[in-house]
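Asker: Supplied in structure tokens, the structure appears directly below.
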Amino acid sequence: MELLDKYATKLSTMIVITAVAFIVSGFWLLEVAEIGMKTSDLMREKSAPNVLYNYGSKLSENLVVGKNGGTISDAKMINVNFFGAKGDGATNDTTAILAAINEAFESGSTVFIPAGTYMVDAVESIKLKNGITLQMTPETILKVIPNNAEKYAVLAVDGLENVRIIGGVLMGDRGQHLGRSGEWGMGIRITGSKNILVQDTICNEFWGDGFYIGEGDIGRPSENIRLIGVKADQNRRQGVSLISGRNIEILGAKITNTRGTAPSAGIDIEPSDVRNVLDNIMITDLYTAGNQGAGLLVNTGSLSGTRNAVTIKVINHQDDGSDRGMQISSKGIVPGSLIIEDADWRYSKRNAIAIQSHDHRSFHIEILRASITNVNQGTRGAAIDIYSFKDDPLNENGGIGNITIERPVITDTSVIPSTVAAFHIWDLPGHQVRNIFIIDPVLKGNLTYLPVQAETKAFIRYTQE
Numbered sequence: 279m280e281l282l283d284k285y286a287t288k289l290s291t292m293i294v295i296t297a298v299a300f301i302v303s304g305f306w307l308l309e310v311a312e313i314g315m316k317t318s319d320l321m322r323e324k325s326a327p328n329v330l331y332n333y334g335s336k337l338s339e340n341l342v343v344g345k346n347g348g349t350i351s352d353a354k355m356i357n358v359n360f361f362g363a364k365g366d367g368a369t370n371d372t373t374a375i376l377a378a379i380n381e382a383f384e385s386g387s388t389v390f391i392p393a394g395t396y397m398v399d400a401v402e403s404i405k406l407k408n409g410i411t412l413q414m415t416p417e418t419i420l421k422v423i424p425n426n427a428e429k430y431a432v433l434a435v436d437g438l439e440n441v442r443i444i445g446g447v448l449m450g451d452r453g454q455h456l457g458r459s460g461e462w463g464m465g466i467r468i469t470g471s472k473n474i475l476v477q478d479t480i481c482n483e484f485w486g487d488g489f490y491i492g493e494g495d496i497g498r499p500s501e502n503i504r505l506i507g508v509k510a511d512q513n514r515r516q517g518v519s520l521i522s523g524r525n526i527e528i529l530g531a532k533i534t535n536t537r538g539t540a541p542s543a544g545i546d547i548e549p550s551d552v553r554n555v556l557d558n559i560m561i562t563d564l565y566t567a568g569n570q571g572a573g574l575l576v577n578t579g580s581l582s583g584t585r586n587a588v589t590i591k592v593i594n595h596q597d598d599g600s601d602r603g604m605q606i607s608s609k610g611i612v613p614g615s616l617i618i619e620d621a622d623w624r625y626s627k628r629n630a631i632a633i634q635s636h637d638h639r640s641f642h643i644e645i646l647r648a649s650i651t652n653v654n655q656g657t658r659g660a661a662i663d664i665y666s667f668k669d670d671p672l673n674e675n676g677g678i679g680n681i682t683i684e685r686p687v688i689t690d691t692s693v694i695p696s697t698v699a700a701f702h703i704w705d706l707p708g709h710q711v712r713n714i715f716i717i718d719p720v721l722k723g724n725l726t727y728l729p730v731q732a733e734t735k736a737f738i739r740y741t742q743e
């Protein structure tokens, strides 16, 4: 009996020790797991630029896949398929996408639209919300359901802040549009908004513009807008329209084959009211080609009389075969500056650049180191044309001027040159050209030099090669 009691006591002690060991081991394993989770989170943060995304059809299937094959669940990515979007090219997915956006707005998540063709009611529009990131793949297509509306937008960014649109292809209805009037069918419309990024997004074949940036309610301009690596092709009115904005950056855009309704430019910077602003506009590495209008158009006529200075800078603009590489129409008096550096304009149908009715009291235009090659393919004319419109009233324009063109290289290699003059400068009778400086131009090929009219305050010095 005594032996049995001793055995029972020993057995109880072993059970207690085992239980304690199990509990301690559990705490240790939990701590290790927590450390592992922290390490995993840290590795995720450090390796974020090098991860690939594999998106499932439900929230739980959204995974970040590392280069080594490991996966981490991405709980902040909301997939529109989970809300009923089909992406089959037939179903109207507008309501489902809006539902995903509403959910993301409440939870602070990113909306993801996977590969597929999603039909969109662009009259209703996909209305984004503050703080939303919309992520799409290169194979994601948002396609307009044909309509007869004069105006619409696939993605509407109206009066918002802190919105990001990444990737995707937006397809308009210009070939299937059911109406004949209007010119305001947009891919992405940004009005009165702040801190907006659009990156690597394509907008093609719209009834109006691929991208539109303008004012919102009570004349509020859009601010801090960035279009990075965007593309627009075969749009009817413009690739990009900029109406009113402050701190606008367009970097690495490719705008081609705009045609259908005037002005049919690649990018059109054209305010519509004197209250609009064009403050700190930066366009870098722009490529335009084959546009029915100019590759880049700046028309400030509606700002005449404003006190707000225009500040625009264009660096490394390349145009190939648009009507003109660039066109500046600036009737009236507007303070500020427009600087164009290192442009490369080739095979324009008309002039490489035309500057129309630019009052010598208006903003200073500075063109530095432009390269011009074989322009006037559709006519015979000057490479650089500076002139007044013949119907400008005498008392409205004090004479053209306030333009500096420094070291342009102008080439015509044609057997019969279509560029018959490097420069052409003309103003109305009774007006006086003032302060036009053409400094050290380099003329190549069979070019003639057309001197400016008499009684001018322009200084011209040039080098013939």
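In short: position in the sequence shown from 1, add 278, done, that's our numbering.
Where a beta carbon is used, it is the ideal one built from N, C-alpha and C, also for glycine.
Please state whether the Cβ-Cβ distance between residue 475 and residue 442 is less than 8 Å.
Answerer: Counted from its first residue, the sequence shown places residue 475 at position 197. Counted from its first residue, the sequence shown places residue 442 at position 164. Yes, the pair counts as a contact, with Cβ atoms nearer than the cut-off.
Asker: What are the boundary residues of the alpha helix (DSSP H) that includes residue 385?
Answerer: Indexing the sequence shown from 1 puts residue 385 at position 107. Looking at the DSSP string, the run of the alpha helix (DSSP H) that includes residue 385 is 372-385.
Asker: Fully enclosed by the segment 596-678, which beta strand (DSSP E) runs are 3 residues long or longer?
Answerer: Counting only runs of 3 or more, we get 596-598, 604-607, 614-619, 622-624, 631-634, 642-646, 649-651 and 659-665.
Asker: Just reading off the beta strand (DSSP E) that residue 363 is part of, what are its end residues?
Answerer: Taking the sequence shown and counting its residues from 1, one reaches residue 363 at position 85. Where residue 363 is concerned, there is no enclosing beta strand (DSSP E), given that its DSSP letter is neither H nor E.
Asker: How should residue 693 be labelled, buried or exposed, when 16 other C-beta atoms within 10 angstroms of its C-beta is the threshold for buried?
Answerer: Your numbering for residue 693 matches position 415 in the sequence shown. It counts as exposed.
Asker: Starting from residue 721, trace the beta strand (DSSP E) in both directions and tell me its first and last residue.
Answerer: The sequence position of residue 721 within the sequence shown is 443, counting from 1. From DSSP, the beta strand (DSSP E) with residue 721 extends over 712-723.
Asker: Assuming contact is defined by CB atoms lying nearer than 8 Å, are residue 581 and residue 592 in contact in what I supplied?
Answerer: Along the sequence shown, one-based indexing puts residue 581 at 303. Along the sequence shown, one-based indexing puts residue 592 at 314. Not a contact, by the Cβ cut-off of 8 Å.
Asker: Give me the DSSP bridge partner(s) of residue 394.
Answerer: On the sequence shown, position 116 is the one that residue 394 refers to. Answer by DSSP bridge pairing, in chain order: 418.
Asker: Assign residue 541 to one of two classes, buried (16 or more other C-beta atoms within 10 Å of its C-beta) or exposed (fewer than that).
Answerer: On the sequence shown, residue 541 is found 263 positions in, with the first residue counted as 1. It counts as buried.
Asker: Does residue 724 pass the burial test, meaning 16 or more other C-beta atoms within 10 Å, or should it be called exposed?
Answerer: Residue numbering aside, residue 724 sits at position 446 when the sequence shown is read from its first letter. Result: exposed.
Asker: Spatial neighbours of residue 483 within its chain, please: C-beta separation below 7 Å, excluding the five flanking residues on both sides.
Answerer: What you label residue 483 is simply residue 205 of the sequence shown in a count that begins at 1. The answer, listed in chain order, is 449, 450, 452, 453, 512 and 513.
Asker: Given residue 530, which residues of its chain have a CB within under 6 Å of its CB, disregarding the five upstream and five downstream residues?
Answerer: Counting from one through the sequence shown, the residue named residue 530 turns up at place 252. Here the set comprises 507 and 563.
Asker: Jot down the residue ranges of each uninterrupted beta strand (DSSP E) in the segment 503-585, minimum 3 residues, whole runs only, in chain order.
Answerer: The segment 503-585 contains these whole beta strand (DSSP E) runs: 509-511, 516-520, 523-529, 532-534, 543-547, 556-562, 565-567 and 574-577.
Asker: Would you check if the distance between the CB atom of residue 547 and the CB atom of residue 576 is smaller than 8 Å?
Answerer: The sequence position of residue 547 within the sequence shown is 269, counting from 1. The sequence position of residue 576 within the sequence shown is 298, counting from 1. In this structure, residue 576 lies closer than 8 Å to residue 547 by Cβ.
Asker: For residue 717 and residue 664, what's the separation of their Cα atoms in angstroms?
Answerer: Here residue 717 refers to the residue found at position 439 of the sequence shown. Here residue 664 refers to the residue found at position 386 of the sequence shown. Residue 717 and residue 664: Cα-Cα distance of roughly 15 Å.
Asker: With distances taken from CA atoms, which of 378, 397, 394 and 396 is nearest residue 388?
Answerer: Mapped onto the sequence shown, residue 388 falls at position 110. Closest option to residue 388, Cα to Cα, is 378.
Asker: I'd like to confirm the pairing. Which residues does DSSP put opposite residue 475 in its beta bridges?
Answerer: The residue you call residue 475 lines up with position 197 of the sequence shown. In the DSSP output, where bridge partners are listed per residue, residue 475 has 442 and 504.
Asker: Going by the CB atoms, is the gap between residue 461 and residue 539 shorter than 8 Å?
Answerer: Locating residue 539 in the sequence shown gives position 261, where the first residue counts as 1. Locating residue 461 in the sequence shown gives position 183, where the first residue counts as 1. For residue 539 and residue 461, yes; Cβs fall inside 8 Å.
Asker: Taking Cβ positions, are residue 677 and residue 710 nearer each other than 8 Å?
Answerer: As a first step, residue 677 must be located in the sequence shown, where it is residue number 399. As a first step, residue 710 must be located in the sequence shown, where it is residue number 432. A contact, by the Cβ cut-off of 8 Å.
Asker: Please classify residue 417 as buried or exposed, where buried requires at least 16 other C-beta atoms within 10 Å of its C-beta.
Answerer: Taking the first residue of the sequence shown as 1, we reach residue 417 at position 139. Classification for residue 417: exposed.
Asker: Please list, in chain order, all residues of the same chain as residue 679 whose beta carbon is under 6 Å from its beta carbon, the five residues on each side excluded.
Answerer: For this step, residue 679 is matched to residue 401 along the sequence shown. 638, 711, 712, 713 and 714.
Asker: So, is residue 385 buried or exposed, given that buried needs 16 or more other C-beta atoms within 10 angstroms?
Answerer: Indexing the sequence shown from 1 puts residue 385 at position 107. When all chains shown are included, residue 385 counts as exposed.
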